[in-house]
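See structure below.
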């Protein structure tokens, strides 16, 4: 079965099938949580890290690698805020695609009747459930969907209780740039078919115009050398998402007070930092782009 993320699983009985990228991310989330000025709190990250036994750092030693933990903190906070805003506006279904070791179902204060679906490979889900040991979220209903995003995941999601006729908040965090462009096209086409009017989507991508810059290129080379290449990027995200039926908006990170506060010391120390090299996008599915007919129960 193809892997959703393009890297090899960790060896060992408890980590079989859990990607290095998932462990890098949870390591940085644990580090952020320990900060006095943390942009979010994720106590479970330390538990995942302890269960993993060890988690290395992302490859390379360039400037981007040094600022990556702060970028991840800003990204996490941004999508936290986006998902909470979407659910408070009426999206009672949340789908985390390639969820990995994400703990938003547990750590966010969701509105009543929010149902969070976490979609990822069976081995990832199994490791996660062993660590959680049956603990349920305080404010949301949580459902795991063991499926490969490169395969038939839509049927598994609907079978798990997802209703395609209800507005949904989708999240593709730390996912799309690991996929081949044709796989991204198929995935987003499937998401669009499963989305009712008023659904929202959060995603990130590499700015294609920055891929060859001195700030970004060493990072991409290090990722390729470690077997986890980023292979998907966009030059015009709003146009691309618009072509898939979504009304998209690129975030202006320097308009967010918490991002400015976090990035300011980095910009002073590393003047070559390009804050627009990674793009955060939020999108809404307008009513006019979706036929009025009810979507079949199988999500197809």
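Residue numbers (the numbering used here): -16 to 283.
Beta carbons: idealized from backbone N, C-alpha and C, even for Gly.
Rounded C-alpha distance that separates residue 220 from residue 39: 32 Å
Same chain only: Cβ atoms within 6 Å of residue 125, ignoring 5 sequence neighbours per side: 88 and 99
Inter-stretch contact at 8 Å, needing at least 3 Cβ pairs: the region 72 to 83 / the region 193 to 202: no
Contacts around residue 114, its chain only, beta-carbon distance under 6 Å, and the 5 residues preceding and following it disregarded: 30, 31 and 34
Nearest candidate by alpha-carbon position, reference residue 66, set 184, 250 and 157: 184
Local conformation of residue 101 per DSSP, three classes: strand
Same chain, Cβ closer than 6 Å to residue 12, five either side skipped, listed in chain order: 25 and 28
Bridge partners - residue 262, DSSP secondary structure assignment: 188
For residue 229 and residue 268, believed in contact at Cβ under 8 Å, the rounded distance: 6 Å
Buried versus exposed call for residue 76 [16 or more other C-beta atoms within 10 Å across all chains shown]: buried
DSSP three-state assignment for residue 72, whether helix, strand or coil: coil
Rounded straight-line distance, which links the Cα of residue 95 to that of residue 207: 43 Å
Cβ shell of residue 123 (< 6 Å), same chain only, five flanking positions each side left out: 88, 93, 97 and 99
Euclidean distance between Cα positions of residue 85 and residue 195: 31 Å
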